[in-house]
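The structure appears below as C-alpha cells.
There are 2 protein chains.
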Amino acid sequence: MQGSGALGSYDPEQFQGLCFHQISGKFADGSDSPRAFLERCLDTIAASEPTVQAFVSLQETAARAAADASTARWQAGQQLSAIDGMPIGIKDLLETKDMPTEMGCEAYRGNFPKNDNAMVWALRQAGAIILGKTVTAELGGSHPGPTTNPFDVSRTPGGSSSGSAAAVAAKMVPAAIGSQVGGSIIRPAGYCGNFALKPSQGGLHRGERQTTSMSTHGPHAASLEDMWQVAIEIASRIGGDPGYPGLTGPMTPPPPIRPEKLIFIETEGWATLDPQSKTALETLLTHFEQAGGQVLRRVDHAAIEAFEQATSNAKQVANAITAFENRWNHRNLVDRDAAGVSARLKQTLAAAEAMTPADYQNCLQQRARARDCFAACAPLADAMITLSCPGPAPVWLGDVPGQPLAPRPTGDPLFNFATSLTGAPCVSVPMLAVDGMPVGVQLIGQVNEDARMTAMAAWLHQNIAPVRVAAA
Amino acid sequence: MQGSGALGSYDPEQFQGLCFHQISGKFADGSDSPRAFLERCLDTIAASEPTVQAFVSLQETAARAAADASTARWQAGQQLSAIDGMPIGIKDLLETKDMPTEMGCEAYRGNFPKNDNAMVWALRQAGAIILGKTVTAELGGSHPGPTTNPFDVSRTPGGSSSGSAAAVAAKMVPAAIGSQVGGSIIRPAGYCGNFALKPSQGGLHRGERQTTSMSTHGPHAASLEDMWQVAIEIASRIGGDPGYPGLTGPMTPPPPIRPEKLIFIETEGWATLDPQSKTALETLLTHFEQAGGQVLRRVDHAAIEAFEQATSNAKQVANAITAFENRWNHRNLVDRDAAGVSARLKQTLAAAEAMTPADYQNCLQQRARARDCFAACAPLADAMITLSCPGPAPVWLGDVPGQPLAPRPTGDPLFNFATSLTGAPCVSVPMLAVDGMPVGVQLIGQVNEDARMTAMAAWLHQNIAPVRVAAA
Numbered sequence: 188m189q190g191s192g193a194l195g196s197y198d199p200e201q202f203q204g205l206c207f208h209q210i211s212g213k214f215a216d217g218s219d220s221p222r223a224f225l226e227r228c229l230d231t232i233a234a235s236e237p238t239v240q241a242f243v244s245l246q247e248t249a250a251r252a253a254a255d256a257s258t259a260r261w262q263a264g265q266q267l268s269a270i271d272g273m274p275i276g277i278k279d280l281l282e283t284k285d286m287p288t289e290m291g292c293e294a295y296r297g298n299f300p301k302n303d304n305a306m307v308w309a310l311r312q313a314g315a316i317i318l319g320k321t322v323t324a325e326l327g328g329s330h331p332g333p334t335t336n337p338f339d340v341s342r343t344p345g346g347s348s349s350g351s352a353a354a355v356a357a358k359m360v361p362a363a364i365g366s367q368v369g370g371s372i373i374r375p376a377g378y379c380g381n382f383a384l385k386p387s388q389g390g391l392h393r394g395e396r397q398t399t400s401m402s403t404h405g406p407h408a409a410s411l412e413d414m415w416q417v418a419i420e421i422a423s424r425i426g427g428d429p430g431y432p433g434l435t436g437p438m439t440p441p442p443p444i445r446p447e448k449l450i451f452i453e454t455e456g457w458a459t460l461d462p463q464s465k466t467a468l469e470t471l472l473t474h475f476e477q478a479g480g481q482v483l484r485r486v487d488h489a490a491i492e493a494f495e496q497a498t499s500n501a502k503q504v505a506n507a508i509t510a511f512e513n514r515w516n517h518r519n520l521v522d523r524d525a526a527g528v529s530a531r532l533k534q535t536l537a538a539a540e541a542m543t544p545a546d547y548q549n550c551l552q553q554r555a556r557a558r559d560c561f562a563a564c565a566p567l568a569d570a571m572i573t574l575s576c577p578g579p580a581p582v583w584l585g586d587v588p589g590q591p592l593a594p595r596p597t598g599d600p601l602f603n604f605a606t607s608l609t610g611a612p613c614v615s616v617p618m619l620a621v622d623g624m625p626v627g628v629q630l631i632g633q634v635n636e637d638a639r640m641t642a643m644a645a646w647l648h649q650n651i652a653p654v655r656v657a658a659a
Numbered sequence: 188m189q190g191s192g193a194l195g196s197y198d199p200e201q202f203q204g205l206c207f208h209q210i211s212g213k214f215a216d217g218s219d220s221p222r223a224f225l226e227r228c229l230d231t232i233a234a235s236e237p238t239v240q241a242f243v244s245l246q247e248t249a250a251r252a253a254a255d256a257s258t259a260r261w262q263a264g265q266q267l268s269a270i271d272g273m274p275i276g277i278k279d280l281l282e283t284k285d286m287p288t289e290m291g292c293e294a295y296r297g298n299f300p301k302n303d304n305a306m307v308w309a310l311r312q313a314g315a316i317i318l319g320k321t322v323t324a325e326l327g328g329s330h331p332g333p334t335t336n337p338f339d340v341s342r343t344p345g346g347s348s349s350g351s352a353a354a355v356a357a358k359m360v361p362a363a364i365g366s367q368v369g370g371s372i373i374r375p376a377g378y379c380g381n382f383a384l385k386p387s388q389g390g391l392h393r394g395e396r397q398t399t400s401m402s403t404h405g406p407h408a409a410s411l412e413d414m415w416q417v418a419i420e421i422a423s424r425i426g427g428d429p430g431y432p433g434l435t436g437p438m439t440p441p442p443p444i445r446p447e448k449l450i451f452i453e454t455e456g457w458a459t460l461d462p463q464s465k466t467a468l469e470t471l472l473t474h475f476e477q478a479g480g481q482v483l484r485r486v487d488h489a490a491i492e493a494f495e496q497a498t499s500n501a502k503q504v505a506n507a508i509t510a511f512e513n514r515w516n517h518r519n520l521v522d523r524d525a526a527g528v529s530a531r532l533k534q535t536l537a538a539a540e541a542m543t544p545a546d547y548q549n550c551l552q553q554r555a556r557a558r559d560c561f562a563a564c565a566p567l568a569d570a571m572i573t574l575s576c577p578g579p580a581p582v583w584l585g586d587v588p589g590q591p592l593a594p595r596p597t598g599d600p601l602f603n604f605a606t607s608l609t610g611a612p613c614v615s616v617p618m619l620a621v622d623g624m625p626v627g628v629q630l631i632g633q634v635n636e637d638a639r640m641t642a643m644a645a646w647l648h649q650n651i652a653p654v655r656v657a658a659a
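Going down the list, the protein sequences come from chains H and P. The working numbering applies: residue 188 is where the first sequence begins, and numbers increase by one. The working numbering applies: residue 188 is where the second sequence begins, and numbers increase by one.
Pasting the structure below:
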C-alpha cells in the first residue's frame, strides 16, 4: 500500500508542506492575501478530505469573513500578530464557541458548550482563523477516528491528535493544535512528517482541560517557524496553566543554536524497534557526529543509565497516572451513556477503578524519580534525542468484529512515555524516511527550554542531512 | 438586630451544633437510624429554611431512599464508612448528577451537566447522603445570594460558601462542602460558628473545578470529629488533585495534640479590626499562655516579620491571580450571556483583562516569596494562629439601586488572603463571640499538616476557655 495516500511516498529532502510565514510578507502589498491563502486551503481540503478525513467540522463561511477582516488589517498595516489570517485546525477535545466539541466520543455527539478554550481565545485575539475541528481518538485515548495517513491511506496518522497531524501533512492548513498525555502530539507528528511542539508541562494554557496532571496542548506545523510563532502568540496572550509562568521566548522564531552534545535515549521503544528505523536514527546520529557533534548513550554515563532505568516502565506508570486521574470523570460518562463509550475506554476505566489512591501515589513517586533522574542529566549535554514514534505508522484498517481489540490502532507511544513523564519540552523534527513513510526525531530539553529546543531543532534541520532507508 | 436569627445570640460555650459521630453509634442496634436522623434534618430545614435560605435545591425523596439503604447497611453491620448515612450539603459550584449546578449565576440557570464532582462521587461511595445544593455567591466571587446568618437575619453568613456555612450553623445538616480561593471556607465558618477545614492546596480532589491555582474544597461541620471524618473519607477514595498525593492521616479523628508555641499573625486584617474582636483574640491568646503555651509575634523574630511583610499586599496579589486565571472563562460567559452576569463580576473581569501574562507572572513570584517566608517560620512554632474573619459578620441588607456596589457584601477576607497564598491547611475553630455573634479562630499549619492542625484544634477547643466580648 506504500505511497497510496494523497501525497505518495515521503522524502524528507523533497517534501514541502504549507508554510504561512513565507507568504505573509506578501499580504501588506496585496500580492497575496489571507483570503486567497484560505481559499487555497479550502481547495486542498475539498480535494483531499474525502480520503484523509481530518476534520469533524469546518467553518467555511465564518473563516472567509475572518480572512477578509484579516486581509483588511494587513493592507492597513494593522495586523494583530504575525499569525493574523493563519487558518488553524483545533483538535476536537478543545472547546470552540462556534463548533460542537464531540471529542471523538459518541456520548458527546452534539455537545456544544459555546465557549472558546483558552488557547482558542488567544488564537482569535491574534487574528488566527479557527477553520475547523480536527478528528481526535476518543477522549484523547486510543480508540481511533476515521482519519488516514496522507502518505498512505492504509496507515494510521497516529493519535490521539490524528486530524491535526493529517491536516498539516496534507497541506490543508499550515498549523493545527494537538494535545498530548502519553504521546499524542509528538507521535502523530513523527508519523506524518510535521514539526510539532509538546511544550513544557503547564507552558501553554489548557483552558477547561485541567483534570489530568501530564497533559499539554501544542502546535503541529509544516515549518518550525510557524510552529514557534503559533506557540509564542498563544503564550503572550493567555500564558500557561494556572500557577505556571507559561512558555517564554522571542516573539519571532529563535535563530538556530548548534548543539554540541546530544544524549541518545533508548526509552522503552528501542529494544523492539524495526531494524530499518534503527538504521535511520543511527545514521542521523552519525551525520551529527560527522558535523562535529558528540552523542552520549546509556553506557557513557551513570546518570543516563539511571534515567533509562527510572523510565524503563514509563508506559505502565504514565498510563496508570492518567487512567486514575480520569477515573471519576469516565465513570460519570459511562453511568450517563454506556452505549456511547467504546469498549477500549471501558477496559481502561475498569483497570483504573481497581487502583487505590496509594497506587496512584506510588506512580507519582516513580514520576518524581524519573524527573529527578532527567534533571541530573542536564549538565551532560545540550538536549536528549530519540525517535518521535516507533518507526513508520502501522497499517490500520479497522477493528475486526469478533476479534480482540487491537491495543494500539494509532501506534504505540513507546518513545513518548519517558519524555511525557519528565514534563519537559519536546520538538518533533521530520528528518527520516523509512519505507517511504515519515519517521520523526524528537529533541528533548529541560523544563522551560522550549525556545532553546526549537532553536536546536532549527540547527539540526538546516545542517544535518536527513536519512532515507528503504523497506527490508 | 442582635440575636434576630433562628438561633438567637451566640455563646461558644453553650452552642451545640448537629453532630453525626455522636449518633452513629446508635445505628447498629436500631435505637436510632440514618432515616430518623435525616427526618430530623428535614424538620429543621422546614422550620428554618424560609429565613436562612441555605439551599438552592433539595433531594428529599432520593435522600430518604438513600437513608433507608444506609439504615439497612448499619443494621447489617455493613456500613460503607463512618459517614454512611450522613446528610451533606454541597456548595452549588460543584457538579451533582441529580441536581442542577447553577453557581449562583443567572447565566447558569438550569445548567445540569448530570455528572458528580469527584468529591461528590467519593461521598456517595462512602454512603453519605447528598441532600441538597447550597447557595454560593456568584461563581464563588463576591456577589451574594439570599442566605442569611442563622444568628442574625440582618447579617451575612459570609461567602462564597454561604449556604454550606449557614446550613451547618442552623443544624440543618452535620456537614457541608465549601470551597475557598480567597477566604470562602474559613471566613463563613468564622461568621457562623462552624468548624471547617481548608485543606492543603491539592489535598482534596476538586474534580472539574481545576482552572484556578489556589482554590480548595473542604468541609464545614458542627464538630471537629465530623469535619475530619468527611475529609478523610473523601481523600481515601478519590485522593487529591491531579498530580498531588492528597490529604493523608488517620481514618478516625486524630487525638488532640498540645501546641507549645503559636505564631500570631496580623495579616492585612488586624490594623483595621474593631477593638472588641481584638480584645477577644488577645484574651484567647492570654488563656493559651496561662495554660503554659507561648505566643510569638512579628516583633519576636525576623522570619515572622518577613512573612507579614511578604503578605502585606496579599489581598491584591491573591485577587489578581484568581481574576487573571478566570479571565478567559468569564469572558466566554459574558460573551454568551451578558445579562446573566452581575455588575460585580464584570468589574472583576475588566480589571483582569487589563492584566498581561507578565503581570500574572509577577504575582506568582510574590506568591512564591510568601510561601518561602511561610516555610521559613516552620521551625519557630507548632502553628500559626489568627482570626478566621474580621470580627462578627457585617450587616448586609442588599444592594441599593442607584448607589455604588458594596465591595464586599459577604465580608472581607482580609484574614484569609495571606493564608490562602501559602497553600497551607487552615482549620477554623469556633472559640470567640463578639456582640453575640460567632468569630472564628484560624489555625494554620505547614503544607500537608492537615491532620496535625486538626489535632491541635482539638486540643485548643478542649483546653482553652472560649471568650465572649460584648458590643462596645
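We treat Cβ as the ideally placed atom computed from N, Cα and C, and that holds for glycine.
- The C-beta of H:Pro579 has 16 or more other C-beta atoms within 10 Å across all chains shown, which makes the residue buried.
- Judged by DSSP secondary structure, H:Thr403 falls outside any alpha helix (DSSP H) and instead within the beta strand (DSSP E) spanning Thr403 to Ala408.
- Only exposed fits H:Met438, as fewer than 16 other CB atoms lie within 10 angstroms of its CB.
- Going by DSSP, H:Pro274 is part of the beta strand (DSSP E) stretching over Pro274 to Lys278.
- Contact of H:Tyr547 with chain P is assigned, a C-beta pair being separated by under 8 Å.
- Relative to H:Arg531, the option among H:Asp271, H:Ala353, H:Phe602 and H:Gly291 whose CA is nearest is H:Gly291.
- In chain order, Phe382, Pro440, Thr641, Ala644, Ala645 and His648 place their CB closer than 7 Å to the CB of H:Leu411, counting only its own chain and leaving out the 5 sequence neighbours on each side.
- By the Cβ rule, the region 239-246 of chain P does not count as touching the region 205-216 of chain P, because fewer than three pairs are nearer than 8 Å.
- Note: P:Ser244 is bridge-paired with P:Lys320 in the DSSP secondary-structure output.
- For P:Asp303, the chain H residues whose Cβ falls inside 8 Å of its Cβ are Trp515 and Asn519, in order along the chain.
- Exposed is the label assigned to P:Ser218, since fewer than 16 other Cβ atoms lie within 10 Å of its Cβ.
- Note: P:Arg342 is bridge-paired with P:Val582 in the DSSP secondary-structure output.
- Under the Cβ criterion of 8 Å, H:Ile232 is not counted among the residues facing chain P.
- With fewer than 16 neighbouring CB atoms inside 10 Å of its own CB, H:Val587 falls in the exposed class.
- Beyond the five residues adjoining it in sequence on each side, H:Leu551 comes within less than 6 Å, by CB distance, of no other residue in the same chain.
- Neighbours of P:Glu395 in chain H, taken as residues at a C-beta separation under 8 Å, are given in chain order as Thr398 and Asn516.
- Put simply, the CB of H:Arg523 is near chain P, with a gap under 8 Å to one of its CB atoms.
- For the region 414-493 of chain P, the full-length beta strand (DSSP E) segments reaching 3 residues or more read 448-451 and 481-483 along the chain.
- Out of H:Asn516, H:Ala501, H:Asn506 and H:Asp487, the CA that lies nearest to the CA of H:Ala568 is found in H:Asp487.
- Closest by C-alpha distance to P:Ala234, out of P:Asn635, P:Pro594, P:Thr435 and P:Met359, is P:Met359.
- DSSP places P:Phe561 in the uninterrupted alpha helix (DSSP H) bounded by Pro544 to Ala563.
- Membership of P:Ser615 in the beta strand (DSSP E) is indicated by the continuous run Cys613 to Val621.
- Of the candidates P:Ala490, P:Thr288, P:Cys228 and P:Pro337, P:Ala490 places its Cα closest to the Cα of P:Arg558.
- Secondary structure at H:Pro566: helix, using DSSP grouped into helix, strand and coil.
- With its beta carbon less than 8 Å from one in chain P, H:Glu512 belongs to the interface.
- Scanning P:Gly394, P:Arg445, P:Ala525 and P:Gly369 for the CA closest to the CA of P:Asn650 turns up P:Arg445.
- In this chain, the alpha helix (DSSP H) harbouring P:Leu225 covers Pro221 to Val239.
- The C-beta of H:Ser423 comes closer than 8 Å to at least one C-beta of chain P.
- Taking H:Ala458 as reference, the option from H:Leu584, H:Pro594 and H:Phe602 with the minimal CA-CA separation is H:Phe602.
- Look at P:Leu630 here: in three-state DSSP terms it is strand.
- Taking C-beta atoms as the reference points, H:Pro462 and H:Ala659 count as a pair closer than 8 Å.
- Burial state of P:Thr473 is exposed, judged by a 10 Å Cβ sphere holding fewer than 16 other Cβ atoms.
- Residue contact with chain P for H:Lys358: absent (no Cβ-Cβ distance below 8 Å to any residue of chain P).
- Secondary structure at H:Leu574: strand, using DSSP grouped into helix, strand and coil.
- Per DSSP, the beta-bridge partners of H:Ile364 are H:Ile277 and H:Pro406.
- Taking a contact as a CB-CB distance under 8 Å, the pair H:Gly346 and H:Pro386 does not count as one, their CB atoms being some 19 Å apart.
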